[in-house]
Amino acid sequence: MKFGEFAVGQEFSASTTISEADFNAYISFARTRNVLHENRELAEKEGIKGTLVPGRAVIARAEGEMTRLPAFSDCMMLLYGMDGDPEWAGRQTRFLGEVYAGDTLDVRYRIASKKEEKGYGILRVDYEISRSGKTVVVSRGNLYRIKI
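Mapping of the sequence shown onto the numbering used here: residues 811 to 958, in sequence order.
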């Protein structure tokens with residue numbers, strides 16, 4: 811879609827599964843160290859039942875799935891920033907539940923606002939990510955710069 815075709819309040823959705831291989835690739839790329847990923851016995855003692863996927867990996871996957879949706883796939887689009895939401899006490903993202911390797915996630919994207927700036931369009935996209943009908947991540951104020 812072209813920038814002018816996006817409407818405030820418009821929603822899109824996607825579904826994705828993060829595999830064990832996806833988890834390992836993310837950890838390798840991000841160079842993230844977490845004792846709960848490295849020590850399975852400790853993780854189990856802490857109530858973690860499987861391979862816990864980092865929240866940033868969940869957000870990255872949700873963004874990747876968005877770029878594959880027909881509405882976004884032909885856009886010349888770059889992540890411009892992540893702003894806090896003044897209606898949400900300035901918060902941007904909250905991780906509300908666990909995501910484990912093998913979980914299937916449903917993602918809802920909502921165009922929260924749009925504006926033109928210096929020959930580009932800026933879309934503010936809010937994400938809500940759910941697992942088995944329960945919201946696990948809310949991310950507001952993801953700004954994307956789109957060529958007009």
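Positions of the beta carbon are idealized from the N, C-alpha and C atoms, including for glycine. In this text, all values refer to a predicted model and were calculated from it rather than measured experimentally.
Check	Outcome
Run of the alpha helix (DSSP H) containing N849, from where it starts to where it stops	Careful: N849 lies outside any alpha helix (DSSP H) and carries neither H nor E.
Cβ separation of K957 and Y937, assumed to be a contact under 8 Å, to the nearest whole Å	Not really, about 22 Å apart at Cβ, beyond 8 Å.
Identity of the residues DSSP links to M960 by a beta bridge	The question about residue 960 has no answer, for the chain in this structure spans 811 to 958.
Distance between L862 and Y910 (C-alpha atoms, nearest Å)	5 Å
Residues near E875 in its chain [Cβ-Cβ closer than 7 Å; skip 5 each side]	A824, T826, V917
Option nearest P880 by Cα separation, candidates R950, G951, M811, R955	M811
Under 7 Å between C-beta atoms of S923 and V818	yes
First through last residue of the beta strand (DSSP E) which encompasses S825	821-827
Option in F905, N834, I828 with minimal Cα separation from K768	Here the chain covers residues 811 to 958 and nothing more, so residue 768 does not appear.
Where the alpha helix (DSSP H) through R866 begins and ends	865-878
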